[in-house]
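Chemist: Residue numbers (full-length UniProt numbering): 1 to 198. Take this structure, written in structure tokens, and hold onto it; I'll ask about it next.
The structure is reproduced here in structure tokens:
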């Protein structure tokens with residue numbers, strides 16, 4: 001009985017995530033409510049809240065699903081994204097993949113941001129406490145510190161990742177245009193690594 005309940009819960013989870021993703025593909029983020037997601041998934045609103053806690057929890061989990069593939073590639077995929085390449089090449093590859101992820105999931109990123117800023121207690125929780133951001137920042141700052149131990153790697157990592165949330169860049173990503181951002185990231189990173197240190 002317990003195994004069947006777990007199987008039902010897993011099915012519901014996937015149905016809810018698929019429904020949210022499909023709705024975000026067709027509607028602006030602010031129109032994708034928990035009620036709409038539940039109806040599209042064929043579950044009760046309470047099921048969504050029980051599984052994800054809130055709209056922000058749902059958007060976070062959907063973002064995490066998209067980010068897991070990238071984290072796997074970073075941890076043990078082939079270089080330059082994975083281990084084995086020089087820090088500059090790994091960072092260029094990582095930022096290009098982040099830009100591509102943003103373009104493929106523009107509405108999801110916007111919905112995630114919208115849920116973050118409109119929920120109760122938004123003022124107390126900063127973007128920097130988001131587990132995905134924390135993971136990306138750790139990776140970016142680590143690569144910068146390897147190649148340029150003479151600079152403030154943590155601050156520069158915040159600056160690079162922060163550009164994803166600037167409206168001109170975010171609107172480019174929502175339009176699916178990530179090559180230009182990836183190329184600009186590459187220019188910045190190569191200039192940074194070529195300017196000293198190693």
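A virtual CB, placed ideally from N, CA and C, is assigned to each residue, including glycine.
Quick one: what does DSSP say residue 86 is sitting in, helix, strand or coil?
Modeler: Within the chain shown, numbered from 1, the residue matching residue 86 stands at position 86. Of the three classes helix, strand and coil, the one that applies to residue 86 here is coil, per DSSP.
Chemist: First and last residue of the alpha helix (DSSP H) that includes residue 75?
Modeler: Looking up residue 75 in the chain shown gives position 75. Segment 55-76, the alpha helix (DSSP H) holding residue 75.
Chemist: Enumerate in chain order the residues of its own chain whose CB-to-CB distance from residue 134 is below 6 Å, with the five nearest sequence positions on each side excluded.
Modeler: Looking up residue 134 in the chain shown gives position 134. Once the five neighbours on either side are set aside, residue 134 has no close Cβ partner at all.
Chemist: Does DSSP classify residue 140 as helix, strand or coil?
Modeler: Working through the chain shown from its first residue, we reach residue 140 at position 140. Note: residue 140 maps to helix in three-state DSSP.
Chemist: Smallest Cα separation from residue 97: which of 157, 136, 85, 130?
Modeler: In the chain shown, residue 97 corresponds to position 97, counting from 1. In terms of Cα proximity to residue 97, the closest of 157, 136, 85, 130 is 136.
Chemist: Three or more beta-carbon pairs under 8 Å between the region 138-149 and the region 84-104, yes or no?
Modeler: In this structure the region 138-149 lies against the region 84-104, because at least three pairs of beta carbons, one per stretch, are closer than 8 Å.
Chemist: Under a three-way DSSP split, which group does residue 33 fall into?
Modeler: Locating residue 33 in the chain shown gives position 33, where the first residue counts as 1. Of the three classes helix, strand and coil, the one that applies to residue 33 here is coil, per DSSP.
Chemist: Give the single residue among 192, 7, 95 whose Cα lies nearest to the Cα of residue 152.
Modeler: Sequence index remark: in the chain shown, residue 152 carries index 152 (1-based). Closest option to residue 152, Cα to Cα, is 192.
Chemist: Under the three-state reduction of DSSP, which class applies to residue 102: helix, strand or coil?
Modeler: Locating residue 102 in the chain shown gives position 102, counting from the first residue. Helix at residue 102.
Chemist: According to DSSP, simplified to helix, strand and coil, what is residue 122?
Modeler: Residue 122 sits at position 122 when you count from the first residue of the chain shown. Bear in mind that the predicted position of residue 122 carries a pLDDT of just 49, short of 50, making it too unreliable to give a figure here.
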